[in-house]
Every structure is written in structure tokens, then in C-alpha cells.
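I have placed the structure first, in the form of C-alpha cells, so that the comments after it can refer back to it.
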Amino acid sequence: MPFILLSTLYRGRIIAFEAIVQKNEDSPSAIAVGQRKDEEIYTADLKSKALAFAMAHALKLGDKMISINLLPMTLVNKPDAVSFLLDEIKANALVPEQIIVEFTESEVISRFDEFAEAVKSLKAAGISVAIDHFGAGFAGLLLLSRFQPDRIKISQELITNVHKSGPRQAIIQAIMKCCTSLEIQVSAMGVATPEEWMWLESAGIEMFQGDLFSKAKLNGIPSVAWPEKK
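Using full-length UniProt numbering, the first residue of the sequence shown is number 1, and each one after it goes up by one.
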């Protein structure tokens with residue numbers, strides 16, 4: 001299973017890599033995944049993380065953090081999900097403190113108490129948790145109130161042309177104020193232009209992801225080009 005690696009940067013240096021499954025829409029495996037239902041989806045979701053950890057080990061990423069995307073309901077529907085992740089982390093010579101588990105707002109989380117308990121177990125083991133694509137779904141603020149992640153990643157939908165949009169600027173400033181109060185780290189994803197980057201940095205964001213800094217790379221370590229301010 002091929003993966004794309006995305007870089008997260010802090011003050012010009014890579015601090016984390018995000019491993020995202022690269023789907024080949026014409027491949028039998030991709031078609032099979034698309035046809036899977038319920039239990040099979042969550043099993044495949046979990047197993048793909050083992051492959052991501054194996055890739056991280058093979059690429060010798062050292063002490064860099066590794067972000068993985070997990071469907072929220074995988075934690076609910078797979079009772080052994082936390083222990084499975086911890087076993088795979090150890091098997092690939094990684095440590096829990098290196099791992100960030102990202103959840104999106106797009107999937108409805110039923111049985112929230114079970115989800116919250118699983119998240120507590122992740123955090124107790126040393127794994128960081130994050131809300132990915134924050135602001136793109138409908139449950140972002142509700143998730144913040146019900147379980148406080150260590151990090152959020154502001155969605156590209158809010159980032160694009162933020163330097164030209166008063167409403168987007170106001171929303172991001174409100175997010176920053178809220179997350180500062182809750183001691184949640186904030187990063188911006190999908191940053192494509194120097195103008196977006198400079199406005200976001202002036203708003204207090206220090207961690208960035210996007211083609212402006214580092215393009216995604218298939219099964220390899222992306223290169224970094226830190227832009228100069230205009």
C-alpha cells in the first residue's frame with residue numbers, strides 16, 4: 001500500500017511527517033476498499049496504520065513525529081485498536097510520544113463515551129491526538145468542548161486566500177484565541193502562497209503544512225524549501 005508523506009514545518013524545519021494512503025482508483029485493492037462496509041472499513045483503517053509505521057521505520061525518520069489519520073469510529077468498533085497501535089509502534093522501533101493520531105470532523109461519532117475513553121487511553125500512553133481539517137465539518141466546536149485534543153489543523157478551506165478574506169481572518173483569530181485558552185497547538189494545512197503564510201504567521205500560527213514549503217512525496221521523505229518573506 002503506497003503512502004504520501006506530507007511535512008509539517010516549524011520555523012523552517014520539519015517536525016513531523018503525515019502518512020496518507022495513496023489510492024490508485026484503478027487498482028483492485030482501491031475498488032475493494034470502496035466497496036467495503038462498516039466492520040471491514042475499520043479493520044482496513046487500522047491495518048493501514050501498521051503499514052505507515054513500517055514505512056516510517058524503513059525511512060529512518062529518527063525522532064520526527066509521525067501523524068496518522070484514523071476514522072473516529074475505528075476506536076469504537078475495534079475494541080483492541082489502542083493496543084494494536086501501541087504494539088505496532090513498538091514493533092517498528094518507534095515510541096508513543098512520536099505519534100499523532102488525527103481525527104476528522106466528517107464522520108459522525110456515535111457512542112461518544114466509548115470514543116472518549118479510547119482517546120484517554122491513547123493520551124495516557126503518550127500519543128498525541130489532533131482534529132484534522134478543523135473548520136471543514138460541522139462538529140469542530142462540539143468536539144473541542146467534549147474532548148480537548150492536543151492539536152488542531154485548520155482546514156485548507158479556511159486557509160485559502162485568507163489574506164483577502166475578512167470573515168476567514170475573523171474565524172481563524174477566534175480559533176486561535178479559543179485554542180490558546182485551552183492550550184491546544186494550532187497548525188495551518190494547505191498553505192499555498194507566501195501571502196497566506198505571512199498572514200497566518202502574523203495571527204500567531206507557527207506550524208504549517210502545504211506546497212509552499214514542501215510538496216508531498218510518494219513513499220519517501222519530502223524536500224523542504226522555506227520561502228522568503230516579501
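Heads up, the beta-carbon is just placed ideally off N, CA and C, and yes, glycines get one too.
By the Cβ neighbour-count rule, THR180 is exposed, with fewer than 16 other Cβ atoms within 10 Å of its own.
Looking only at ILE152, ILE127, LEU122, GLU117, the smallest Cα-Cα distance to GLU97 is reached by ILE127. Assigned with DSSP and collapsed to three states, ASN69 falls in strand. Three or more beta-carbon pairs separated by less than 8 Å are not found between the segment 137-152 and the segment 80-92, which leaves the two stretches without contact. Contiguous beta strand (DSSP E) elements confined to the segment 149-195 occur at 151-154, 185-188, taking only those with 3 or more residues.
Taking 3 residues as the shortest admissible run, the segment 50-138 contains the following complete beta strand (DSSP E) segments, listed from N- to C-terminal end: 65-69, 99-104, 128-134. Apart from the 5 residues on each side of it in sequence, ILE205 sits with its Cβ closer than 6 Å to the Cβ of VAL186, ALA188 in its chain, given in chain order. Between ILE20 and THR74, the alpha-carbon positions lie close to 16 Å from each other.
By the CB criterion at 7 Å, ALA16 and MET55 fall outside the cutoff. DSSP, read as helix, strand or coil, puts LEU5 in strand.
Per DSSP, reduced to three states, the secondary structure at LEU144 is helical.
LYS49 is classed as buried because its beta carbon has at least 16 other beta carbons within 10 Å across all chains shown.
Excluding its 5 nearest sequence neighbours in each direction, GLU114 has C-beta neighbours in its own chain below 7 Å: VAL76, listed in chain order.
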